[in-house]
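Residue numbers (our numbering), protein chains in the order written: chain S, 164 to 276; chain F, 137 to 250.
The structure under discussion appears below in the form of structure tokens.
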């Protein structure tokens, strides 16, 4: 069965600095990888996904993620963080042969002014 | 825009009560999902459905059941609520077309069982 690990419960960055939120995965076969963001008292919002092709995926709100097959990682990045990026971020993986996803435990990102 | 709505944002029930959580999506999606979200555990899949009247167990189905009588509606049922079912419940939907569709989430229902 597929699984995801987000090794950091909390990430703190200063506004304007680059940010990285880490994710590693385990799945049989080719993975489909997703990032979602959750703002307080809201459901999850889709940010971006990797299916195949270019290892660098660009998504909403200036976020991007890099797929690394050898390291089984899919880290979320942004060149310049905003205070409004502060939220809970979830990485998810889906196997190529089923429709259900597995989510990581989440990483709380705090961007300080 | 896809819209997934959940019947209640906040719900308080007593131990032993039967609880219904309703989810409706308006984009004719085939797939629907129920998750619970707990701090430090992320989202855990309870049940999902690929079509009307079809259901599949997720990772933590114990104590829950589901119903999908219409394509747009997916209900989660707690037959006899217990305090360890206090949680945030999230519904999601996705289509089954070509490509790898993302899931669209509702706003969540925060359930407290006293």
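No residue lacks a Cβ here, since even glycine has one placed at the ideal position from N, Cα and C.
Secondary structure at residue i, three-state DSSP: helix, strand or coil?
| i | result |
| --- | --- |
| residue 174 of chain F | strand |
| residue 270 of chain S | strand |
| residue 235 of chain S | coil |
| residue 259 of chain S | coil |
| residue 188 of chain F | coil |
| residue 219 of chain F | helix |
| residue 247 of chain S | helix |
| residue 223 of chain S | helix |
| residue 252 of chain F | Outside the shown range of chain F (137 to 250) lies residue 252 of chain F, about which nothing can therefore be said. |
| residue 200 of chain F | strand |
| residue 228 of chain S | strand |
| residue 252 of chain S | strand |
| residue 164 of chain S | coil |
By how many angstroms is the C-alpha of residue j removed from the C-alpha of residue i?
| i | j | result |
| --- | --- | --- |
| residue 210 of chain F | residue 247 of chain S | 33 Å |
| residue 214 of chain S | residue 152 of chain F | 44 Å |
| residue 273 of chain S | residue 228 of chain S | 18 Å |
| residue 268 of chain S | residue 206 of chain S | 15 Å |
| residue 188 of chain S | residue 261 of chain S | 16 Å |
| residue 181 of chain S | residue 178 of chain F | 25 Å |
| residue 256 of chain S | residue 171 of chain F | 15 Å |
| residue 235 of chain F | residue 250 of chain F | 43 Å |
| residue 150 of chain F | residue 173 of chain F | 20 Å |
| residue 218 of chain S | residue 263 of chain S | 23 Å |
| residue 170 of chain S | residue 161 of chain F | 33 Å |
Counting contacts by CB-CB distance shorter than 8 Å, is residue i in contact with chain S?
| i | result |
| --- | --- |
| residue 152 of chain F | no |
| residue 247 of chain F | no |
| residue 181 of chain F | yes |
| residue 177 of chain F | yes |
Within 8 Å (strictly less), CB to CB, does residue i reach chain F?
| i | result |
| --- | --- |
| residue 268 of chain S | yes |
| residue 206 of chain S | yes |
| residue 197 of chain S | yes |
| residue 237 of chain S | no |
| residue 232 of chain S | no |
| residue 185 of chain S | no |
| residue 275 of chain S | no |
Going by DSSP, name the residue or residues bridged to residue i.
| i | result |
| --- | --- |
| residue 183 of chain S | S:240 |
| residue 161 of chain F | F:140 |
Problem - Residues of the stretch 216-244 of chain F whose Cβ lies closer than 8 Å to any Cβ of chain S, in chain order - result: Only those residues of the stretch 216-244 of chain F whose C-beta falls short of 8 Å from the nearest C-beta of chain S are listed: 226, 228, 230, 232, 235, 236, 238, 239, 240, 241, 242, 243, 244.
Practice task
Can you give me, in chain order, the residues of the stretch 183-208 of chain F that have a beta carbon less than 9 Å from any beta carbon in chain S?
Solution key: 184, 186, 192, 194, 195
Practice task
Note down, in chain order, all residues in the stretch 214-229 of chain S with a beta-carbon under 8 Å from any beta-carbon belonging to chain F.
Solution key: 214
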